[in-house]
Amino acid sequence: MKWGVLVLVFICLIGSVITRRLQRPRLCGRNERPTRFMPRRERFCSPRITRPSLLRARRWCVCKSGFVRNAWGQCIRHEDCDSCKALPRMDFNVCETDCPLTCGRPIPFFCYVHCVRGCACPPGFVIDRRTIRRGCVSAKVCPPMCPQHSSYQQCVSSCEPRCDVLRPKHCIKQCHAGDCVCHKGF
1239 MKWGVLVLVF
1249 ICLIGSVITR
1259 RLQRPRLCGR
1269 NERPTRFMPR
1279 RERFCSPRIT
1289 RPSLLRARRW
1299 CVCKSGFVRN
1309 AWGQCIRHED
1319 CDSCKALPRM
1329 DFNVCETDCP
1339 LTCGRPIPFF
1349 CYVHCVRGCA
1359 CPPGFVIDRR
1369 TIRRGCVSAK
1379 VCPPMCPQHS
1389 SYQQCVSSCE
1399 PRCDVLRPKH
1409 CIKQCHAGDC
1419 VCHKGF
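Start counting at 1 in the sequence shown, then tack on 1238, and there's your number in my numbering.
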């Protein structure tokens, strides 16, 4: 009898701790709300052009009602999502550069970084000015131009060697806009 009561008390304590952990308020981003109990998959504006890792991710914070995720992982309004549907392989971005990567053209070296709202090429894609409809094309098919002895790569290290900068201790690979990377030995 005593053991039965102790086991029951123990189970109740464990259940109480788990319930509190699951119901703990989460800090979510702009236009997001916390999920209840378990993380879940999200709805996306343009799933065909969104990175698979982003599509498969289970999230504790999901977009609020009336919003969907874009290819950059931001929650955008349904109306903004719909505004890009007629443009091939474009998605709405709340903070796009006004110097986008373009198929067969040099990567802009000096580009002032300020946010431009509107339709843009998602990560892994570049503007294709070769067609009448001016949409986006995979950077693998038509990469931007790079200087001699370098090539375009979608995922670049945060520790690319530079003459005037010490190499950081912790390096990460970033797969967003991509950049020109020097060939080995250069």
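No residue lacks a Cβ here, since even glycine has one placed at the ideal position from N, Cα and C. None of the values given here were measured: they were computed from a predicted structure.
A distance below 8 Å separates the beta carbons of F1330 and C1357. With respect to the C-alpha of R1296, the residue from G1416, Q1391, R1278 having the closest C-alpha is R1278.
Residue range 1270-1272 is occupied by the beta strand (DSSP E) that includes E1270.
Contact between P1285 and R1343 does not hold, since their C-beta atoms are separated by about 28 Å, which reaches or exceeds 8 Å. For T1288 and P1360, the gap between their C-alpha atoms comes out near 7 Å. Looking at the DSSP output, E1334 shares a beta bridge with V1354. According to DSSP, I1345 shares a beta bridge with no other residue. By the beta-carbon neighbour count (other beta carbons within 10 angstroms, threshold 16), D1318 is buried.
DSSP, read as helix, strand or coil, puts R1315 in strand. For S1376, the uninterrupted beta strand (DSSP E) segment begins and ends at 1374-1376. In the DSSP annotation of this structure, the continuous segment of the beta strand (DSSP E) that includes R1307 starts and ends at 1305-1307. In the three-state scheme derived from DSSP, where H, G and I count as helix and E and B as strand, R1294 is classed as helix.
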